[in-house]
């Protein structure tokens, strides 16, 4: 029934009752006839005033939706407020299909629906405001990305590291030492249970190095660059010339306090800044050697009287 008690909208192709596809015709039936029999004239849609105004008050849905002529409302396409879109309640979606919907992701913060259920999909991941004119999120710091579902790394790792998700960090660690790193973040079970819902959201810097980093033979336990934003640089390493011990030998030793359960394999190396014979300026990565020592890593000794 479309705006007139005795009218039904049919598509003019004769395919049956249709609400969305033009051209339309209107058949006005007598109350005593069956649903499929019409004994009155067939009216073209535009010439029958009993139907109503359609979506003319909404500019014909602005090309971003289909008009329901029976109820004089727009059914907007995906991305403009359709029933499939993820929308934030009360965030100004217009009925004429001119509002853009923003990208969505798992809500960084929201109200749990049970003791084990939270972080439903949300526009801008509940970490930003959607611009309805452009369909783009304006993210709250420190989150970034089209859907505000990525934690930005501090200072973009200062150009001396990679900004990686927790999943990527765990996999990178496993690849560098497959015999020791037997863990991953973002496993199938963890994802299914929701325990690791943020495995591709939370990120941190993995600092770069001009030498191989790890606990295996030929690797050094500490990276060249370090700090939350990889802005600090370690000074060159060397063996203390005043001792008989090889301080750079890290076999069965742990130098990285962030991973106390790990220990160096045979021929693994510790990083001994300035050979223990100087002070490192971590801003420049240069040693200031003690008196009597010199060289890039302070490993050279001045001979008295020479």
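Residue numbers (our numbering): 17 to 322.
Note that the Cβ used here is the ideal one computed from N, Cα and C, for glycine as well.
Bear in mind that the values here come from a model prediction, so they are computed numbers and not experimental data.
Neighbour flag for residue i against chain B, beta carbons, 8 Å
i	result
residue 103	Going by chain labels, chain B is absent from the structure shown, which holds only one protein chain.
Identity of the residue in the options nearest residue i by Cα
i	options	result
residue 81	242, 113, 108, 283	113
residue 144	136, 153, 138, 137	153
residue 178	95, 246, 307, 137	246
residue 116	123, 99, 146	146
residue 243	222, 252, 227, 307	222
residue 353	234, 256, 176	Here the chain has residues from 17 to 322 only, and residue 353 is not among them.
residue 290	315, 118, 83, 119	315
residue 119	134, 318, 100, 129	100
residue 272	124, 236, 122	236
residue 230	259, 275, 262	275
Euclidean distance between Cα positions of residue i and residue j
i	j	result
residue 141	residue 167	11 Å
residue 283	residue 232	7 Å
residue 277	residue 238	15 Å
residue 298	residue 249	5 Å
residue 171	residue 87	53 Å
residue 185	residue 131	29 Å
residue 305	residue 241	20 Å
residue 213	residue 286	36 Å
residue 174	residue 89	52 Å
residue 102	residue 180	27 Å
residue 164	residue 92	25 Å
residue 155	residue 281	45 Å
residue 270	residue 279	5 Å
residue 191	residue 215	18 Å
residue 303	residue 126	50 Å
residue 157	residue 228	34 Å
residue 217	residue 296	35 Å
residue 182	residue 252	30 Å
residue 257	residue 308	11 Å
residue 310	residue 234	26 Å
residue 288	residue 128	49 Å
residue 318	residue 266	28 Å
residue 148	residue 123	19 Å
residue 111	residue 134	29 Å
residue 75	residue 109	16 Å
residue 159	residue 138	14 Å
residue 169	residue 72	49 Å
residue 83	residue 77	7 Å
residue 136	residue 301	46 Å
residue 264	residue 188	24 Å
residue 292	residue 268	20 Å
Whole-Å CB distance - residue i paired with residue j, under 8 Å assumed
i	j	result
residue 220	residue 313	Their Cβ separation, rounded to whole angstroms, is 29 Å, which puts residue 220 and residue 313 out of contact at 8 Å.
residue 95	residue 161	No, residue 95 and residue 161 are not in contact; Cβ-Cβ is about 18 Å, not under 8 Å.
residue 70	residue 85	5 Å
For residue i: DSSP bridge partner residues
i	result
residue 302	297
residue 81	92
residue 309	317
residue 183	Residue 183 is not bridged to any residue.
residue 220	180
With a floor of 3 residues, list each beta strand (DSSP E) that falls wholly inside the stretch 224-286, ordered by position along the chain.
none
Output the residue ranges of the beta strand (DSSP E) runs that lie fully inside the stretch 100-176 and measure 3 residues or longer, sorted by chain position.
120-122, 137-139, 144-147, 152-155
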